[in-house]
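S.K.: Using mature numbering (1 follows the signal peptide of the UniProt record, and there is no 0), the letters of the sequence shown correspond one by one to residues -20 to -1, 1 to 577.
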Amino acid sequence: MNRKLIFMLIAVFLNMNVFSQEEIWDETEEEKTERLQWWNDARFGMFIHWGPYSQLAGEYKGERIDGIAEWIMKHAKIPVNEYRELAHEMNPIKFDAGKWVQLAKATGMKYIVITAKHHDGFAMYKSEVSPYNIVDWTSFNRDPLKELSQACAKEGIKFCVYYSHREDWDHPGGYGNNWDYDNDWGSHLYNQENFRKYLEEKAKPQLRELLTNYGPIGLVWFDRGMYTQEQGFEFVNLLHNLQPSILVNGRVGNYDQEILGDYQNMNDNGTPPGGIEEYWESPQTLNDTWGFSKYDTNWKTPEYVIQRLLEIVSRGGNYLLNIGPKGNGEIPDATIEIFSKVGPWVKRNAESIYGTTANPFGELPWGYCTVNGNKLYLFIRDWPQDGVLMVHGLKNAVTSAYMLLNKTSKLAVSQNEKQTQISLPKSPIDDPISVLVLEIDGCPRVDPPIVLQGDSGLIRLDYLKVITQGKTKTRFNRKGGFHISKWTGPEDTAEWLIHVNEPGKFKINITYAANKEWEQQPFEITIGKSNIERHVVYTGDWYNYHEFPSGYIDLPNAGEYTLTIRPKVSGRTFLMYLQSITLSPVKKIKQEGWGAD
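(1) With a Cβ-Cβ cutoff of 9 Å, do L416 and L344 count as a contact?
(2) Inspect the beta-carbon positions of I413 and G347 and report whether they are closer than 9 Å.
(3) Just the Cα atoms here: how many angstroms apart are T448 and E62?
(4) Where does K182 land, buried or exposed, given buried means 16+ other C-beta within 10 angstroms?
(5) Ignoring anything shorter than 3 residues, give me the beta strand (DSSP E) runs that lie fully in the stretch 24 to 110, in order along the chain.
(6) In chain order, what residues of the same chain have a beta carbon less than 8 Å from the beta carbon of V426, not counting five sequence neighbours either side?
(7) With distances taken Cα to Cα, identify the nearest neighbour of S550 among T468, I490, T544 and L240.
(8) Can you tell me whether DSSP reads L404 as helix, strand or coil?
(9) The alpha helix (DSSP H) with V141 in it runs from where to where?
(10) For S129, count neighbouring C-beta atoms within 10 Å of its own C-beta (all shown protein chains included) and say buried if the count is 16 or more, exposed if not.
(11) Enumerated in chain order, which unbroken segments of the beta strand (DSSP E) with a length of 3 residues or greater are wholly contained in the stretch 440 to 507?
(12) So, do the stretch 133 to 142 and the stretch 152 to 161 have three or more beta carbon pairs nearer to each other than 8 Å?
(13) List the endpoints of the continuous alpha helix (DSSP H) containing R328.
(14) If we require 3 or more residues per run, which beta strand (DSSP E) segments fall completely within the stretch 369 to 394?
(15) What is the rounded straight-line gap between the Cα of residue 580 and the Cα of D276?
(16) Could you give the C-beta distance for V516 and A494, rounded to a whole number, given that I count them as a contact under 8 Å?
(17) Do the stretch 74 to 89 and the stretch 40 to 49 make contact, defined as three or more Cβ pairs closer than 8 Å?
(18) Could you check if P224 is buried or exposed, using at least 16 other CB atoms within 10 Å of its CB as the buried criterion?
(19) Please look up how many angstroms separate the CB atoms of K138 and C132, rounded, as I've assumed it's under 8 Å.
(20) Report the CB separation of G233 from E261 in whole angstroms; it is logged as a contact under 8 Å.
(21) Closest by CA to K487, which one among H479, Y532 and V322?
(22) Rounded to whole angstroms, what's the CA-CA distance from V446 to L432? Just pull it up for me.
(23) I need the DSSP call for C349, collapsed to helix, strand or coil.
(24) Does the beta-carbon distance from R15 to I239 come in below 9 Å?
(25) If K74 and N308 are in contact, beta carbons under 8 Å, what's the gap, nearest whole angstrom?
(26) For L563 and I512, what's the separation of their Cα atoms in angstroms?
(27) Going by DSSP, what residue range makes up the beta strand (DSSP E) through S564?
(28) Grouping DSSP H, G and I as helix and E and B as strand, with all else coil, what is V228?
(29) Taking only the alpha-carbon atoms, compute the straight-line gap between T87 and S560 and give it to the nearest angstrom.
(30) In terms of DSSP beta bridges, what is R546 paired with?
(31) At what residues does the alpha helix (DSSP H) containing W19 begin and finish?
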């Protein structure tokens, strides 16, 4: 189903006037790929949480307030009127947009995302929609976002904004403030009329201001989701109609349904084991909190930051690293010190990071890998004691090997069908991680991953070692889990190579989630000479995973098998969100167990 048809169906389904002000936006997959190219090449960005909470610095009325500092209004249940008085006092006289942007650039970051409005409802720019903003509400009398957008343009950095579209503790109709307002709605019960008023008189108009008055915006970073998917679509259409090339992150829609937006966000500080097959980003912070707190001194080390960058990029993602400036506009000394060591390393090894794609090998015991064309960049975290690096599963011939910081000194390479050995220098040539480059004869070709039978005889298949074909993709869900999805027809498959040590009969259980529209779709599982057909069962919601017994198979011999699952027919919806398939050895099989549906 193409994107245009999806929007048409949604409009028909709604049968209401939610899109009356915005044209329904559409594009092809090729256009989306082109629109995302800058972001996909960037790999490294700066997140900035800054607002009135920054001057409180984790303290209220002389007492330390536990929890992340940007949530201090909620954690301390500060009344709206009192928080507004505190916001009056914000005067960031040491704010210097040029220095902020230069710090990001020197650290190797290609885009900046700053909180235009966080959950406290205070706008960090000149807003005509509400006087509750840093220009009109304080004595500062400057527009930080205007200055940042101009500084970003000067330095070639993409300027982007964070906007809290659902959560607003200042507005009576916004979500989250249950100490001033009678709106303790819970996740599904809320005052729709008041919330709609908030959306129409504040959230949407402020986004129109941002996308009209601050030049090209690279992306808008939403947070905390939305009540309904239809409300999420309203924001997607609003943004794209104002700036067609803008990106929208994956937290714009309802967390309990299909992910909206152009790319997926991991949970805060989260990284997917093994990566996923879609555009994704990991928002992480430099200490524990996101807004500034004078109590939070648990800073990450430069070595940690570099390793996280490589871990994320090698899995195909972007690293959005947060800083929390002080209320006066200063960036903490610890932040500057850490970045002063990260930046030079990134600059030295830039070609191994920007514009690269994910590691084709799976997890590597000694480090990480990225790809650009016919080059493999191997990040050696654990230097081998014998000076020989082992790379298993590479089918290409290596035409040249060298350290990235010493390209003229070629390294000896030996290869056979199973492994490639590279003789390294006696010791690392960079700190904390050295980069080895392998030039190969074409695009990487590697052995497919193999799932080994466990000691108990159990075989578990999930997204980590799946081989997908067609539209099928490994994906993240907003509940913090991973699954396989996007399949709509027989050509869309998920398969695993399995090595069986102890042959015999196995019981198959399949764990998946399926919404009401997906039920009764036929699918089949094939392995060896066995073929099992089933129909999708409704599991109660999009991310309610249930385990279903799905019959028995006979694997009579030790060795390798391929298990494949696919839709039986082409459908208008996804087949399911597949979480795992397990093959459990059984001693005896009842005849009636065969082929049961």
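Note that CB positions come from ideal geometry on N, CA and C, so glycine has one too.
M.R.: Concretely, from the data shown:
(1) no
(2) yes
(3) 55 Å
(4) buried
(5) 24 to 28 and 91 to 97
(6) P340, F341, G373, L374 and K375
(7) T468
(8) coil
(9) From DSSP, V141 is part of no alpha helix (DSSP H) but of the beta strand (DSSP E) over K138 to Y143.
(10) buried
(11) 447 to 449, 453 to 456, 462 to 465, 473 to 480, 484 to 493 and 502 to 507
(12) no
(13) D313 to R328
(14) 378 to 383 and 386 to 390
(15) Shown here, the chain extends from -20 to 577; a query on residue 580 therefore has no answer.
(16) 5 Å
(17) no
(18) exposed
(19) 7 Å
(20) The Cβ separation is near 16 Å, so there is no contact.
(21) Y532
(22) 13 Å
(23) strand
(24) no
(25) 5 Å
(26) 13 Å
(27) Y557 to V566
(28) strand
(29) 40 Å
(30) E504
(31) Q17 to A22
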